[in-house]
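Counted from 1, the sequence shown has number 1340 at position 47 by my numbering; the numbering is strictly sequential.
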Amino acid sequence: MEPTAPAPAPSPAAQPSNDDPDPTAALTRRGFLRVAGIAGITGVAATVAACTAAAAPQWSFGPVPTPGAATTPPSTAPSVAPSAAASVAPSAPASVAPSASPASNLPPGWTEHDIAARNVIRRYVGSLAPAFKDIFGDAAFTKIADMLGAADNYPELQQPPAFIQVPQLVLNDALKPLQPETDGEWTVFRISIDEIEQQIDELKPTVAALGYNGQTPGPTIRVREGAKVRAIFTNNLKETTGVHFHGVEFDDFFMDGVPFVTQKPFAPGESFTYEFTANRPGSMMYHSHHNATDQVGRGLLGAFIVDPKSPTEVDTYDREYVWISNDVLGGFTINGHGFPAVLPILAAVGEKVRVRYMNEGIMYHPFHSHGYRQQIVARDGYALGSNAYGADTVTVGPGERWDVNITAERPGLWAYHCHILPHVEGPDGMFGMVNVFIVVPTKQDVDTILAALTAAS
Ligand SMILES: [Cu+2]
């Protein structure tokens, strides 16, 4: 294959601070930039996978009982031509085959399931494990090391965490927020619609997908309430499409993006310009509204966030995590990836994190936070105000957006996952819609983790 241009790393799981007037300029920006270096050099797995992907790419990434599958690297799969926007920088350490213990070596009472389940977490933590010693203290570290079987010196200890190995690293919004142009009173965004290859998990072959600006989810489009938005989409697909800004109250219904209801679909090679006023704040989305089961399922989706003109206390937070779920052709994913390739939510004790759930799939997902209250502050972008309430399980239906604030109070590694169990766990351990809320004692520890990730490269 020809080396491809570096694909834009993707997705809106940024964790910026909003102390800064630029909501995407994270207080950890320096750290993220360091991590960006990792993204650049860990693309090999992607490149390898793009060159060796399965002959019949399948989007399925579910609880298929495939004993032993978790221990099979993808490099044995036959090959398929990668698409242009496919892989990332052609350098980097390829994934290793995950560690495995021979059956004869199983600890008492264990089955192969336990080995596979542990492997998933070994891949998730990767070479980050040693950093936990200074962060969580000796006692906690000893327990973590014992759980993971660190004494085995398993190979993942030398590998970057799975979520760092996926080429479309979920930090793009922090690294390179989509910068608009200005044209008089208009805030102008230019977005291409592309065929891409998506790697849902660092050990899986890439799958044929669709993206905006070469990534799925597409780049977050972010404006201030009242902005006049001009979004120019160029169709590089081999099929027609249309783009709907979901949640916007349009003055002109011809801007609503529904082919044959409000516009003709736009064809390959054509562009279409949407113009509207962002007349209310909140968490919204943009996505295909044409052949949508297929097109959205394959990745034509992204976050559209309108920041309030007059932020209230609930709109003040230290970090932010956009959590876009999908469950159609890509299996069960958060921001286009399945666990353990899902970027964790990271915060220091005392910090407030805004999580913006956006469900682009066709199923309901009750997202359950271990150990933490989710304060629900908005539904579908509409602020709940004094009706805000707490829960530890927030069910997000198709098309819905729920904004929650979480105050990090207790350090630890806290599971945070969809509670429809077949969406998160199977015979080979956890997969799909699983996240982890990593709460560390101090902001400095956040930087320590980021430094460890950098070193992992
Ligand atoms: Cu679910």
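Glycine residues also receive a C-beta, built at the ideal position from the N, C-alpha and C atoms.
message: So if DSSP puts residue 1683 in a beta bridge, which residue, or which two residues, is it bridged to?
response: What you label residue 1683 is simply residue 390 of the sequence shown in a count that begins at 1. DSSP, once it has assigned bridges, lists 1668 as partnering residue 1683.
- prompt: Going by Cα to Cα distance, which pick from 1479, 1406, 1571, 1429 is closest to residue 1721?
  reply: Taking the first residue of the sequence shown as 1, we reach residue 1721 at position 428. When each option's Cα is compared against that of residue 1721, the closest is 1406.
message: Restricting to runs no shorter than 3 residues, where is the beta strand (DSSP E) found entirely within the segment 1513-1565?
response: Listed in chain order, the complete beta strand (DSSP E) runs (minimum 3 residues) inside the segment 1513-1565 are 1521-1528, 1536-1539.
query: Going by beta carbon distance, what residues of the same chain come within less than 6 Å of residue 1590, once the five residues before and after it are set aside?
result: Along the sequence shown, read from residue 1 onward, the residue named residue 1590 stands at position 297. Excluding residues within five positions, the ones whose Cβ falls inside 6 Å are 1621, 1622.
Per-residue DSSP class, three states only, for residue 1744: Here the question's residue 1744 lines up with position 451 in the sequence shown. Residue 1744 falls in the helix class under three-state DSSP.
message: Pop quiz: residue 1741 and residue 1424 are said to be a contact at Cβ under 8 Å. What is the actual Cβ separation, rounded to whole angstroms?
response: Working through the sequence shown from its first residue, we reach residue 1741 at position 448. Working through the sequence shown from its first residue, we reach residue 1424 at position 131. In this structure, residue 1741 and residue 1424 form a Cβ contact; the two beta carbons are roughly 6 Å apart against a cut-off of 8 Å.
message: Starting from residue 1727, trace the beta strand (DSSP E) in both directions and tell me its first and last residue.
response: The residue given as residue 1727 occupies position 434 in the sequence shown. That run of the beta strand (DSSP E) goes 1727-1733.
message: Less than 8 Å separating the Cβ of residue 1618 from some heavy atom of ligand 1?
response: Here the question's residue 1618 lines up with position 325 in the sequence shown. Yes - ligand 1 has a heavy atom lying nearer than 8 Å to the Cβ of residue 1618.
message: I'd like the span of the beta strand (DSSP E) that includes residue 1645, first residue to last.
response: Stepping through the sequence shown from its first residue, residue 1645 is reached at position 352. Looking at the DSSP string, the run of the beta strand (DSSP E) that includes residue 1645 is 1645-1652.
query: By Cβ distance below 7 Å, which residues in the same chain neighbour residue 1706 in space, the five residues on each side in sequence not counted?
result: Along the sequence shown, one-based indexing puts residue 1706 at 413. Contacts found: 1729, 1731.
- prompt: Quick check: the segment 1592-1600 against the segment 1572-1583, are there 3 or more CB pairs under 8 Å?
  reply: In short, these stretches touch, since the Cβ pair count reaches three.
- prompt: Is it right to say residue 1663 is buried, meaning 16 or more other beta carbons lie within 10 angstroms of its own, or is it exposed?
  reply: Taking the sequence shown and counting its residues from 1, the one referred to as residue 1663 is at position 370. Residue 1663 comes out exposed.
Residue range of the unbroken alpha helix (DSSP H) whose run includes residue 1408: Here the question's residue 1408 lines up with position 115 in the sequence shown. Note, residue 1408: alpha helix (DSSP H), 1405-1418.
- prompt: Would you say the segment 1555-1562 touches the segment 1522-1540, given that touching needs at least three Cβ pairs under 8 Å?
  reply: Taking 8 Å as the limit for Cβ pairs, the verdict is that the segment 1522-1540 does touch the segment 1555-1562.
Alpha helix (DSSP H) runs contained entirely in the segment 1420-1463, provided each spans 4 or more residues: Within the segment 1420-1463, the complete alpha helix (DSSP H) runs of at least 4 residues are 1424-1429, 1431-1441, 1455-1458.
field: Those residues which DSSP pairs with residue 1510 across a bridge
entry: As a working note, residue 1510 is residue 217 in the sequence shown. Beta-bridge partners assigned by DSSP to residue 1510: none are found.
query: Within the present structure, is the beta-carbon of residue 1274 separated from the nearest heavy atom of ligand 1 by less than 8 Å?
result: Because the chain here runs from 1294 to 1750, residue 1274 falls outside it and cannot be looked at.
field: Other residues of its chain near residue 1530: CB distance less than 8 Å, five sequence neighbours each side excluded
entry: Locating residue 1530 in the sequence shown gives position 237, counting from the first residue. Counting only Cβ-Cβ distances below 8 Å, and skipping sequence neighbours, we find 1486, 1487, 1488, 1503, 1561.
- request: State yes or no: is the C-beta of residue 1656 nearer than 8 Å to some heavy atom of ligand 1?
  value: Mapped onto the sequence shown, residue 1656 falls at position 363. Correct: residue 1656 has its Cβ closer than 8 Å to ligand 1.
- prompt: With a cut-off of 8 Å, do at least 3 Cβ pairs link the segment 1695-1702 to the segment 1666-1684?
  reply: Contact annotation: the segment 1695-1702 touches the segment 1666-1684, with at least three C-beta pairs closer than 8 Å.
message: Is any non-hydrogen atom of ligand 1 found closer than 8 Å to the C-beta of residue 1632, if you look at the structure I gave you?
response: Position 339 of the sequence shown, counted from the first residue, corresponds to residue 1632. Within the chosen limit of 8 Å, ligand 1 does not reach the beta carbon of residue 1632 with any heavy atom.
Selection from 1564, 1540, 1543, 1428 that minimises the alpha carbon distance to residue 1739: Working through the sequence shown from its first residue, we reach residue 1739 at position 446. The shortest Cα separation from residue 1739 among 1564, 1540, 1543, 1428 belongs to 1428.
- prompt: Less than 8 Å between the CB of residue 1659 and some heavy atom of ligand 1, yes or no?
  reply: Locating residue 1659 in the sequence shown gives position 366, counting from the first residue. Yes, the beta carbon of residue 1659 sits closer than 8 Å to at least one heavy atom of ligand 1.
query: Going straight from the alpha carbon of residue 1624 to that of residue 1477, what length do you get?
result: Locating residue 1624 in the sequence shown gives position 331, counting from the first residue. Locating residue 1477 in the sequence shown gives position 184, counting from the first residue. Computed Cα separation, rounded: 43 Å.
message: Could you check whether residue 1619 and residue 1255 sit closer than 9 Å to each other, using their CB atoms as the reference points?
response: Here the chain has residues from 1294 to 1750 only, and residue 1255 is not among them.
- prompt: Below 9 Å between beta carbons: does that hold for residue 1733 and residue 1648?
  reply: Here the question's residue 1733 lines up with position 440 in the sequence shown. Here the question's residue 1648 lines up with position 355 in the sequence shown. Contact flag unset, no.
field: Contact set for residue 1350: own chain, Cβ-Cβ below 8 Å, skip 5 residues either direction
entry: Along the sequence shown, one-based indexing puts residue 1350 at 57. Per-residue confidence for residue 1350 stands at a pLDDT of 34, beneath the threshold of 50, marking its modelled position as unreliable; the derived number appears in the next sentence. Around residue 1350: 1373, 1498, 1499, 1500, 1501.
query: Leaving out the 5 sequence neighbours to the left and right, which residues in its chain are closer than 7 Å to residue 1527 when beta-carbon positions are compared?
result: Translated into positions along the sequence shown, residue 1527 becomes position 234. If we look at residue 1527 and ignore the five residues flanking it on each side, its Cβ neighbours are 1485, 1486, 1564.
message: As an exercise, report each continuous beta strand (DSSP E) stretch of at least 3 residues that is fully enclosed by the segment 1582-1651, in chain order.
response: The qualifying runs are 1594-1600, 1612-1619, 1638-1641.
message: Let's test the definition: count the other Cβ atoms within 10 Å of the Cβ of residue 1680 and tell me whether it reaches 16, buried, or not, exposed.
response: What you label residue 1680 is simply residue 387 of the sequence shown in a count that begins at 1. Classification for residue 1680: exposed.
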